[in-house]
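As given, the protein sequences belong to chains H and D, one line each in that order. Residues in the first sequence are numbered from 9 upward in steps of one, following my numbering. Residues in the second sequence are numbered from 682 upward in steps of one, following my numbering. Worksheet: one structure, shown below.
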Amino acid sequence: MRVLVCVKRVPAVAGLITLTEDERAIDTKYVGFQVGPHEECAVEEAVRLVEAHGGESVVLTLGPAEALEQLREAMSIGANRAIHLVTDGADWDAESTAGAIVGAIRADEAANGPFDVVLVGNEAADSGGYQVGVRIARALGRPAVTGIKGLSVADGTARAEQEAASGRNVFEVKLPAVVAVLEGINLPRYPSVPGRLRAKSKPVASSSPDRPAQRLEMRRLVVPATEAKQAQVLGRGAEAAQAVVELLSSVGVL
Amino acid sequence: MATVLVLVTTADGAADKVALQALALGRQLADGGAVHALVIGDAAAAAELGAWGASSVHLAQHPQLDAPAPDAAARILDDLAGSLGATFVVGPGTEEGNTVLARAAARAGLPFAANCSAVTPGSPVTVTRSRWGGSLLEEAAIHADRVILTAAAHVFEAVDTGGSADVAAFTPALDDADLAVRVVGRVPAPSGGVSLSDAKVVVSGGRGAGSADGFGPVVELAGLLGAAVGCSRAVTIAGWRPHTEQVGQTGTKIAPELYIAAGVSGATQHLAGCKGAKRILAINKDPEAPIMTAADYAVIGDMAEVLPAISAAIRRARGA
Ligand SMILES: Cc1cc2nc3c(=O)[nH]c(=O)nc-3n(C[C@H](O)[C@H](O)[C@H](O)COP(=O)(O)OP(=O)(O)OC[C@H]3O[C@@H](n4cnc5c(N)ncnc54)[C@H](O)[C@@H]3O)c2cc1C
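Now the structure itself:
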């Protein structure tokens, strides 16, 4: 089985978000980078599929030269090799991102045969576009399932589960297919030291696709105004318990 | 004036709340023009939509559409947008709405803007949309003759216009390929427990719980209050609690009357999931933790002492 998993390098913001002066990016002077949680799980899922069925898992990113770090991270938990579509760091809209990935998939498949499963995160952690997976699927004429929190593959069919109002919806699609996953589908492993060492020598194929005109053209980022609050301190330590009980009863939740 | 088509998703005979909000956005964009609503399969829900601002309702009925089939929905939406000459195609900013509108855009070879909180007509149309689960906003221009987007949840107010609209039922053209992705079964939810997204009270623990066992007092207090148990991502990736309990951007979005967050620092992605809470009580040993500027009330202290003391005080209050 051949599995491709697509990831995106994003800043690991936690506290207040600050922007660059041109307001077109997050100021990352003091923050690290990671792939989004959905994609961490997608990588884990790719590695598990290959552990269960044999074959190879390939991790792909469209991103700046530094995104090599995220590719190595994925290879350190078991992805076999990587495809790096190198950008100059500019934002790519989802439509152009999917287009570049489709180009890379076609090139790899021409040499190595089809990917049975293409995994993507359900939505990118930063841009939240909800569409790269379905665009890839459409271009390649494959089925796509989205919002997936459970996946199993047997006899050329993927069974995929999606959370719904009361329970889970089950899809069954023929492979090859595109699967957009959510965090919670699995609990990703941590890379081991030998895993990290092995990742250093795994192959990375790089190319630099052209960035097409952006039809969803990001012009400016804005940090939403939130009402600045300061919590009223009810007390310290165990002694605050009585004040909390009074609060609970005054808001009617006791 | 513009012609607008809105996908109204439904469940059990009623339109989804966010879909009615999308209809309100559609009405605003039409600016006096036609507001078409598309409903797949659900006749009871379709009958209500005139009152929520639709000027005409299209009800797609097909024997194969008894179960959700997102590509079929996208095809019907795209075909109808074409025949109506719609300049805006709008849907709800939900998992279902986003996937169907994204698929419709992919079919049509057009851009798609998910989770918009403002839309300004013009050439080009500009939108404000959510990034980072709403912790950051993006202003963007959409370069397309037909603008395909979803309305961010709980931004636009559904308006009961008291109007009425004819419902035109039709049988859409569908191929096997449109039905390749279709729900073929259901796994019922495990019974019992309080649903996190609907809970009136949520008690969460964060990394400050220290271990899986450190959740004992969180679960105990939640039990006493009939509350749902929540947690932060630091907790789920440590394997202390299941992901179904995670509150935040990549977890569940909650909107309780009271949110009690113990040992949670208040990262933006966590706050993205609990900003719908009416009141927040933070329990944290660090008086400078970021959550202090998002919370209404705070107790400064070790959650391992504070939570059991609160539970004991509740028992005393109830015993008295
Ligand atoms: C794309 C993306 C998506 C994310 N999605 C989510 C999400 O959905 N949900 C989510 O929660 N996070 C999410 N995160 C992670 C988020 O950035 C934080 O890392 C996470 O929320 C931190 O969890 P925490 O508050 O429990 O831990 P920490 O940030 O480590 O905070 C622990 C807090 O506990 C306090 N504390 C420690 N010991 C005690 C004690 N004994 N008693 C009382 N207080 C104590 C500390 O003072 C501190 O404030 C996401 C991150 C990214 C990049």
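Virtual Cβ for every residue (Gly too), placed ideally from N, Cα, C. This structure is a prediction, so every number in the text was calculated from the model and none was measured.
{"query": "Interface partners of D:Thr974 on chain H, CB under 7 Å", "result": "Ala236, Lys237 and Gln238"}
{"query": "Closer than 8 Å to chain H by CB, D:Trp921", "result": "no"}
{"query": "Residue of H:Asp101, H:Arg227 and H:Leu262 minimising C-alpha distance to H:Asp30", "result": "H:Arg227"}
{"query": "For D:His824, three-class secondary structure by DSSP", "result": "coil"}
{"query": "Any C-beta of chain D under 8 Å from that of H:Ser174", "result": "yes"}
{"query": "8 Å contact criterion, which D:Leu686 and D:Ala767 should meet: CB distance rounded", "result": "4 Å"}
{"query": "Residues, ordered as in the chain, of the stretch 813 to 830 of chain D that lie near chain H by beta-carbon distance below 8 Å", "result": "Trp813, Gly814, Gly815, Ser816, Leu817, Leu818, Glu819, Glu820, Ala821, Ala822, Ile823, His824 and Ala825"}
{"query": "Whole-angstrom distance between D:Ala753 and H:Asn130, CA atom to CA atom", "result": "20 Å"}
{"query": "Partners in chain D for H:Ile25, counting only beta-carbon separations shorter than 8 Å", "result": "Trp813, Ser816, Leu817 and Thr949"}
{"query": "Cutoff 8 Å: D:Tyr940 Cβ touching any chain H Cβ", "result": "no"}
{"query": "Limits of the unbroken alpha helix (DSSP H) element including D:Ile757", "result": "Pro751 to Leu765"}
{"query": "Local conformation of H:Thr165 per DSSP, three classes", "result": "strand"}
{"query": "H:Ile85: CB within 7 Å of a non-hydrogen atom of ligand 1", "result": "no"}
{"query": "Meets three-Cβ-pair contact criterion under 8 Å: the stretch 157 to 164 of chain H and the stretch 801 to 813 of chain D", "result": "no"}
{"query": "Cβ-Cβ distance between H:Ser65 and H:Pro199 below 8 Å", "result": "no"}
{"query": "Where H:Lys182 falls: helix, strand or coil (DSSP)", "result": "strand"}
{"query": "Whole-angstrom C-beta distance between D:Val699 and D:Gly778, which should lie under 8 Å", "result": "7 Å"}
{"query": "Simplified DSSP assignment, three categories, for H:Gln240", "result": "strand"}
{"query": "Beta-carbon neighbours of D:His924, restricted to chain H and to distances below 7 Å", "result": "Glu191 and Gly192"}
{"query": "Candidates H:Ser216, H:Leu27, H:Val187 and H:Arg10, of which the one nearest H:His61 by Cα", "result": "H:Arg10"}
{"query": "Partners in chain H for D:Gly897, counting only beta-carbon separations shorter than 7 Å", "result": "Correct list: empty, because the minimum Cβ distance to chain H is about 16 Å."}
{"query": "Proximity test, D:Asp967 beta-carbon vs ligand 3 heavy atom, cut-off 7 Å", "result": "This structure lacks ligand 3; its bound ligands are ligand 1."}
{"query": "Collapsed DSSP secondary structure at D:Glu986 in the structure displayed", "result": "helix"}
{"query": "Below-8 Å beta-carbon distance, D:Val868 vs any chain H residue", "result": "yes"}
{"query": "Supposed close pair H:Val212, H:Leu79 - CB separation, criterion 8 Å", "result": "6 Å"}
{"query": "Contacting residues, own chain, Cβ-Cβ under 6 Å from D:Ala837 (five flanking each side not counted)", "result": "Per the sequence presented here, residue 837 of chain D reads as Phe, with Ala not at that position. Within the same chain, D:Phe837 has close Cβ partners Gln702, Ala705 and Leu706."}
{"query": "Host alpha helix (DSSP H) of H:Gly86 (start-end)", "result": "Counting along the chain, H:Gly86 falls outside any alpha helix (DSSP H), and DSSP gives it neither H nor E."}
{"query": "Distance cut-off 7 Å: H:Ser104 Cβ against heavy atoms of ligand 1", "result": "no"}
{"query": "D:Arg675: contacting residues in chain H (beta-carbon distance under 9 Å)", "result": "A query on residue 675 of chain D cannot be resolved here, the shown segment of chain D reaching from 682 to 1001 and no further."}
{"query": "Amino acids of chain D, ordered along the chain, whose beta-carbon sits closer than 8 Å to that of H:Ser84", "result": "None at all; the shortest Cβ gap to chain D is about 16 Å."}
{"query": "Limits of the alpha helix (DSSP H) - the one that H:Ser257 falls within", "result": "Ala249 to Ser258"}
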